Every structure is written in structure tokens, then in C-alpha cells.
Ligand SMILES: [Zn+2]
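Written out as C-alpha cells, the structure reads:
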């Protein structure tokens, strides 16, 4: 954890872009909550799986309530394998960690402190 070179590399903005490319954003309909997932496409609208939301035809409408694409908001990648990204962030850059990861770090630090205390106790 004390290797600044590694921390710097992992925190470069480019890392996020790569992950975003691996998992394209899903978009949620603000009117009804329908979520367009690029990996699934839209059967009803003849949209092939793998089609990015930004590549949808202008004529595409929400299959549930019929609003245009302008009524959708980017909610980021969903259902994508995230273990890799979480592992990258673990132990580095606390600001980017999820609450769960922060808890892991806190309890991990407590555990390390306890072990350290035990080792000192053993020496005396
Ligand atoms: Zn809708």
C-alpha cells in the first residue's frame, strides 16, 4: 500500500474510461422507470442486443410508455462484472470506495491493529 507508483497509475482517469467502454451505460426512462440495457437491446423495437443507447434510431420510443429518447437519463453501467474494478480500487483512493469497501478497510485496519497489539504483547 506504500507504493506511490501503483497508486498513481490506478487513479488515472483513463482507467475509468476503459471500464466504461467494457460496460456501456444503461439508460432509464424518467417517465416510467424502464431501463434500456445495451447488452439486451429491445426486442419489441427490433433493436439488436449490443446496440448502444446513443446508437438507437431517433424514432425509437420507450417500449413501456412511448416517450422519446430525450426522456431517458444515463444511469451508468448495470449488470456488468464489477469485481475487477472493485479490486483495482480496493486499498487505494478512499474517496472512490463504496461504503462497503470503506467498512472493509476500517475493519481490516482494526484487525491489523489488533494483531499488531498481540505481537507486541507477545514480545514482552
Ligand atoms: Zn417509459
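In our numbering, the protein residues as written are 2 to 125. For glycine and all other residues, C-beta sits at the position ideal for the given N, C-alpha and C. All values derive from a computational prediction rather than experimental measurement.
Asked	Found
Residue 35 Cβ short of 6 Å to ligand 1 heavy atom set	yes
Proximal residues to residue 41 (C-beta, below 8 Å), its chain only, five neighbours per side dropped	50
Nearest neighbour of residue 38, chosen from 67, 27, 100 [CA to CA]	27
Local conformation of residue 64 per DSSP, three classes	coil
Alpha-carbon to alpha-carbon, residue 108 and residue 31	39 Å
Top-ranked residue by Cα proximity to residue 74, from 33, 103, 111	33
Through-space distance from residue 104 to residue 118, alpha-carbon basis	21 Å
Whole-angstrom distance between residue 76 and residue 114, CA atom to CA atom	39 Å
Residue 24 CB to nearest heavy atom of ligand 1 below 6 Å	no
First and last residue of the uninterrupted beta strand (DSSP E) at residue 46	Element bounds for residue 46: n/a, residue is neither H nor E.
C-alpha gap between residue 69 and residue 52, whole angstroms	17 Å
Local Cβ density within 10 Å of residue 116, reported as buried at 16 or more and exposed below that	exposed
Other residues of its chain near residue 65: CB distance less than 6 Å, five sequence neighbours each side excluded	33, 35
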